[in-house]
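Chains as they are written, first to last, in our numbering: chain W, 2 to 251; chain H, 6 to 205; chain Z, 6 to 205.
Only one structure is covered here, and it is reproduced in the block below.
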Amino acid sequence: MEVGELELDLDAFEGPFDLLLTLVLKQELEPADVDVAEIVLLFVERLAERGELDLDVCGEFLVLVAALLELKARGLFADESGDLDDLDAEEAAEELARRLAEYRRIREAAAWLAERLGAEGGRFFRVGPAPLAPSPERRLARQDAEQLAAAMRSLAAEPAALSLSHMALQFPPVSQFLDRFRALLTRRSRFDFDSEVARLSRPEQAVAFLALLELRKVGEVALAQAAPFAAIRVARADPLEEREWIARSA
Amino acid sequence: MDRPLRLITSNPVDRLARTVEALLVVASQPLSVEELAAAADDDSERVETALGLLRERYREGRSGIVVEHVAGGWAFRAAREAAESCGRLFERPVERGLSAAALETLAVVAYLGPCTRPEIARLRGVAADSVVAGLLERGLIAEAGRGHDAGGAVRYRVTPLFERVFGLESLSALPRLDDLDGGEVDLRARLEAVAERRPA
Amino acid sequence: MDRPLRLITSNPVDRLARTVEALLVVASQPLSVEELAAAADDDSERVETALGLLRERYREGRSGIVVEHVAGGWAFRAAREAAESCGRLFERPVERGLSAAALETLAVVAYLGPCTRPEIARLRGVAADSVVAGLLERGLIAEAGRGHDAGGAVRYRVTPLFERVFGLESLSALPRLDDLDGGEVDLRARLEAVAERRPA
C-alpha cells in the first residue's frame, strides 16, 4: 500500500492523499478545512482491511500527517505564534489542546443549531409589521408659541449688508429704487428707464438697473428694447403673464 | 371527481379555516382569496366558506383579533376596543423640541396661511422637502389642496395637532408680530424682499 | 383599594385576554409580560393569567394560530400543521442556506458573545469577515458596542430574531458547552471497531 495513493473522501477534498498534500503546500487548499482525524481513520481502516502491519507505510503516514497537522496548527494560530513560542513544549501542547477542544465544542454547538433549524423549519412566523398595524406615532412635548414669532422675526430680519464703507463709491440700497419704480408704475403704466435715471450718478444708475432686474424677476414689470443700446421701456406686467412666470419658476 | 371527494374527507372546512388563520397570522400584507386558495392547495369557494367561519370567530366584541377585508384581500387587525392599548404599544418616547428648520417652516405656514413647498423654500432660502416631509409625518402640517397657479403645487396648512402642541386656541392666537409690518400680505412681501437680498 | 376593585368589575381577565390577543397580532416581535402589561395598562400577574387562557385557546391541533414563548417574550406563529401551506406562500430567507461556517460563527457569538471578529476568527481558525457580514444582513447578529481593548473592535451579539428562528425561549435554552462531547465518543468507537477487526 502506498500512503500517497490513499483515496480520501472528505468534505473539502476528494482524491489521493498526495494530491491533498500538494494542494495544501501550494496553498490552494486551506489546511483549516482538512479533517485530519478523518484521514487517520481512513488510513487505519485500510490498514485493518489488509490484515498486516507494514511499519514502513505506517512510518511514512505518521510523518506526512504530522506535517499536515503542523501546517494546520500554524494556520489556526498564525497571529499568535509569538504567544505559543513563549511557552515550553508541554505548556504549548496543553494550550493547543485546550483551544482545539474549545473549537470542537463550538462545532458541536453548530451541529446542534443545524439540527434545531431542521426541526424548527415548520415554525412560520411574521417578521416585521402586521398589515393593518397602527403606524408608530411621534409625540412632541408642549411647545412655546413665542418660538414661532421668533422664527418669523429671524426670517424677516434684513440680511447683514456687505460693508462698502471702505470703498470710495457709495451705493444706495436697491430697495430705494424698487420703491421708486413701484410708485412710478402706480401712476403710469409705463416709463422710459434711460430718461428716468439720466440725472443720476453711474453707481446709482447701476443700482437702479439691478432694481429693474429684480422687478422683472418677480414678474412685476415687463421690459422691452427696440435694439441694442436703445432706450429700455418699462411697463406694468400683465397679470396673466405674471402668473405664468411664477408657475414656470415654481 | 376524485379530487373534491378527497378534499372533503381529508380536509374539512374546519381544518381549512385553521390553515387560513395560520396564513393570515404570518402574512405581512392582505391576502386575496386566490392567494389563500393557492397556498392551502384548495379551491376558492371552500376558502370563502372558511373565511365565513373566521369572520364569525374573529369579530368585534368577540375577539381581540378581527379579520377584515381591505383592498387587496384579507388581513387580521386589532379589535377597536384594544385601540388604546395598541396605541401605547406603538408609542415612541416624547420628543422635546423641534429643529430650527422645522420651526421656521411651521412659522411660515402658520402666519402666512397655506403655502407650497417652493414658496417655503424661497422664503427660507433653502430646499424644504425633507422638513416638510418630517412635519407631515408628525401630523403638524397637512395638505390643503393645490395652489391656483398653473403648476398647481400642493399647499400645506397647519393642523389642529399643531395648535394643541403650541397651546393655541386658534391661529388667531398666534403671537402678534407688531414690530413687523402688520397684515399678512405685507408680511409675505417683506419676507420675500428679505429672501431676495439674502446672499446665496 | 379602589383600583383592583374597578379592574375586576369593568375589566375581567377575559377582556384583558382579548387586549393581549390584539397586541400580539399587531406586534412585530415577541412581547414580554412587562411590555404587554404596560401597553394594556394592567398588572403583570393578570397578564400572566390572560396568557394562560390564550395558551389554551391558541395551541397546536386546536387553532391555526399558536401562541409561543420565544426570545424572551410571547408571540403568535402559524401552527405546524399549516407549515406546508405557509411554505407555498412564504419564504424563510433568514435561515435558508446557512452554511456550516455561518452556523459555527453563530454558535461562537451565541455562547461567547458579545465578541469581536478577531475573536471569532481565532476560535474558528479562519477569517470571519464575509460570514459576519452575511449574518448581519440576515439580522441574526447585531453590533453590540466596541471592545475595551486598544483597537476597540466592534463586538457582535445574537439578536432576538436568532432566538426566534431557532425557537429558543432565551439563550439559556442552548445546551451547555460542557455537555457537548466534541465527537470524542464517536472517534473512539470507530477506532475500537477497527481494533476489533484487526487480527491479534
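Glycine residues also receive a C-beta, built at the ideal position from the N, C-alpha and C atoms.
Just so it is clear, the structure is predicted and the values come from calculations on it, not from any experiment.
Interface residues of chain Z around Ser-68 (chain H) at Cβ under 7 Å? In chain order, Arg-23 and Glu-26 make up the part of chain Z whose C-beta sits under 7 Å from the C-beta of Ser-68 (chain H).
Would you report the Cα separation of Leu-108 (chain H) and Thr-121 (chain H), rounded to the nearest angstrom? Spanning the alpha carbons of Leu-108 (chain H) and Thr-121 (chain H) requires a straight line of approximately 16 Å.
In angstroms, rounded to a whole number, what distance separates the CA positions of Leu-48 (chain W) and Gly-157 (chain Z)? So the alpha carbons of these two residues sit roughly 52 Å apart.
Near Asp-34 (chain W), what residues of its chain come up, given a Cβ to Cβ distance below 6 Å and the 5 sequence neighbours on each side ignored? Same-chain partners within the cutoff: Ala-13.
What is the DSSP secondary structure of Pro-32 (chain W), counted as helix, strand or coil? Helix at Pro-32 (chain W).
Alpha helix (DSSP H) containing Pro-123 (chain Z): first to last residue? 122–129 is the extent of the alpha helix (DSSP H) around Pro-123 (chain Z).
So is Val-205 (chain W) in contact with chain H if we call contact Cβ pairs under 8 Å? One detail in the question is off: residue 205 (chain W) reads as Glu in this sequence, not Val. Not closer than 8 Å to any Cβ of chain H, the Cβ of Glu-205 (chain W) fails to qualify, so no.
What did DSSP end up calling Gly-156 (chain H) once you bin it into helix, strand or coil? If DSSP states are grouped into helix, strand and coil, Gly-156 (chain H) belongs with coil.
Please list the terminal residues of the continuous beta strand (DSSP E) segment that includes Glu-148 (chain H). Where Glu-148 (chain H) is concerned, the enclosing beta strand (DSSP E) stretches over 146–151.
Going straight from the alpha carbon of Arg-195 (chain H) to that of Glu-100 (chain H), what length do you get? A direct Cα-Cα distance of roughly 33 Å separates Arg-195 (chain H) from Glu-100 (chain H).
Please state whether DSSP places Phe-44 (chain W) in a helix, a strand or coil. Judged by DSSP in its simplified three-state form, Phe-44 (chain W) adopts helix.
Proximity of Val-25 (chain W) and Leu-69 (chain W) at Cβ, strictly below 8 Å: Yes, Cβ-Cβ distance for Val-25 (chain W) and Leu-69 (chain W) is below 8 Å.
Phe-167 (chain Z) versus Phe-95 (chain Z): straight-line alpha-carbon distance, rounded: Roughly 18 Å between the two C-alpha positions.
With three or more C-beta pairs closer than 8 Å as the rule, is the stretch 141–151 of chain H touching the stretch 119–135 of chain W? Contact check between the stretch 119–135 of chain W and the stretch 141–151 of chain H: fewer than three CB pairs, one atom from each, fall below 8 Å, which does not count as touching.
Could you tell me the distance, in whole angstroms, from the CA atom of Leu-20 (chain W) to the CA atom of Glu-46 (chain W)? Leu-20 (chain W) and Glu-46 (chain W) have their C-alpha atoms some 20 Å from each other.
In chain W, what lies closer than 7 Å to Ala-80 (chain Z) by C-beta? Within 7 Å Cβ-Cβ: Phe-126.
According to DSSP, is Tyr-161 (chain H) helix, strand or coil? Tyr-161 (chain H) falls in the strand class under three-state DSSP.
Output, in chain order, the set of chain W residues within a Cβ distance shorter than 7 Å of Leu-128 (chain H). Neighbours of Leu-128 (chain H) in chain W, taken as residues whose beta carbon is under 7 Å from its own, are Leu-156 in chain order.
Give me the Cα-Cα distance between Arg-117 (chain W) and Glu-61 (chain W), rounded to the nearest whole angstrom. For Arg-117 (chain W) and Glu-61 (chain W), the distance between alpha carbons rounds to 42 Å.
So with Cβ pairs under 8 Å, would you call Ile-40 (chain W) a contact of chain B? Checking the listed chains, one finds no chain B in this structure; the protein chains it contains are W, H and Z.
Return no unless some Cβ of chain W is closer than 8 Å to the Cβ of Pro-165 (chain Z). Output row for Pro-165 (chain Z): interface = no.
Is there a Cβ from chain W that is less than 8 Å from the Cβ of Gly-118 (chain H)? Taking Cβ atoms only, chain W never reaches closer than 8 Å to Gly-118 (chain H), which makes this a no.
Between the Cα of Gly-69 (chain H) and the Cα atoms of Z:Ser-33, Z:Arg-85 and Z:Arg-23, which residue gives the shortest distance? Proximity to Gly-69 (chain H) across Z:Ser-33, Z:Arg-85 and Z:Arg-23 peaks at Z:Arg-23, based on C-alpha coordinates.
Report back the beta-carbon spacing between Leu-21 (chain Z) and Tyr-116 (chain Z) to the nearest angstrom; my notes put them in contact at under 8 Å. That belief does not hold up - the Cβ atoms of Leu-21 (chain Z) and Tyr-116 (chain Z) are roughly 38 Å apart, past 8 Å.
Cutoff 8 Å: Ser-15 (chain Z) Cβ touching any chain H Cβ: In this prediction, Ser-15 (chain Z) has a pLDDT of 46, which is less than 50 and means its spatial position is unreliable; what the coordinates show is noted afterwards. No, its Cβ sits nowhere closer than 8 Å to a Cβ of chain H.
Take Trp-79 (chain H) as the anchor and find which of H:Asp-19, H:Ser-37, H:Arg-62 and H:Leu-140 has the nearest alpha-carbon. Of H:Asp-19, H:Ser-37, H:Arg-62 and H:Leu-140, the residue nearest in Cα terms is H:Ser-37.
Indicate the three-state DSSP secondary structure (helix, strand or coil) for Val-18 (chain H) in the structure shown. Taken through DSSP and simplified to helix, strand or coil, Val-18 (chain H) comes out as helix.
Between the Cα of Glu-26 (chain Z) and those of H:Gly-172, H:Arg-193 and H:Glu-65, spot the shortest distance and give me the residue it belongs to. Put simply, of H:Gly-172, H:Arg-193 and H:Glu-65 the residue whose alpha carbon is nearest the alpha carbon of Glu-26 (chain Z) is H:Glu-65.
Please list the partners that Ala-112 (chain Z) has in chain H, where partner means a Cβ-to-Cβ separation under 9 Å. Listed along the chain, the chain H residues whose CB falls inside 9 Å of the CB of Ala-112 (chain Z) amount to none; the nearest CB is some 28 Å away.
Pull up the distance between the alpha-carbon of Glu-201 (chain H) and that of Ala-142 (chain W), whole angstroms please. Taking the straight line from one Cα to the other gives about 35 Å.
Near Arg-189 (chain W), what residues of its chain come up, given a Cβ to Cβ distance below 7 Å and the 5 sequence neighbours on each side ignored? Contacts found: none.
Taking the alpha carbon of Asp-1 (chain W) as the reference point, which residue from W:Val-4, W:Glu-109, W:Leu-30 and W:Arg-100 has its own alpha carbon closest? In the structure displayed, chain W extends from 2 to 251; residue 1 (chain W) sits before or after that span and is not available.
Going by DSSP in three states, Glu-142 (chain Z) sits in which element: helix, strand or coil? If DSSP states are grouped into helix, strand and coil, Glu-142 (chain Z) belongs with the helices.
Using a Cβ-Cβ cutoff of less than 6 Å, which residues in the same chain neighbour Val-170 (chain Z) once the five nearest sequence positions on both sides are dropped? Once the five neighbours on either side are set aside, the close Cβ partners of Val-170 (chain Z) are Val-99 and Glu-100.
With a Cβ-Cβ cutoff of 8 Å, do Leu-28 (chain Z) and Ala-44 (chain Z) count as a contact? Yes, these two residues count as a Cβ contact at 8 Å.
To the nearest angstrom, report how far apart Ala-209 (chain W) and Glu-138 (chain W) are at their CA atoms. Roughly 53 Å separates the two Cα atoms.
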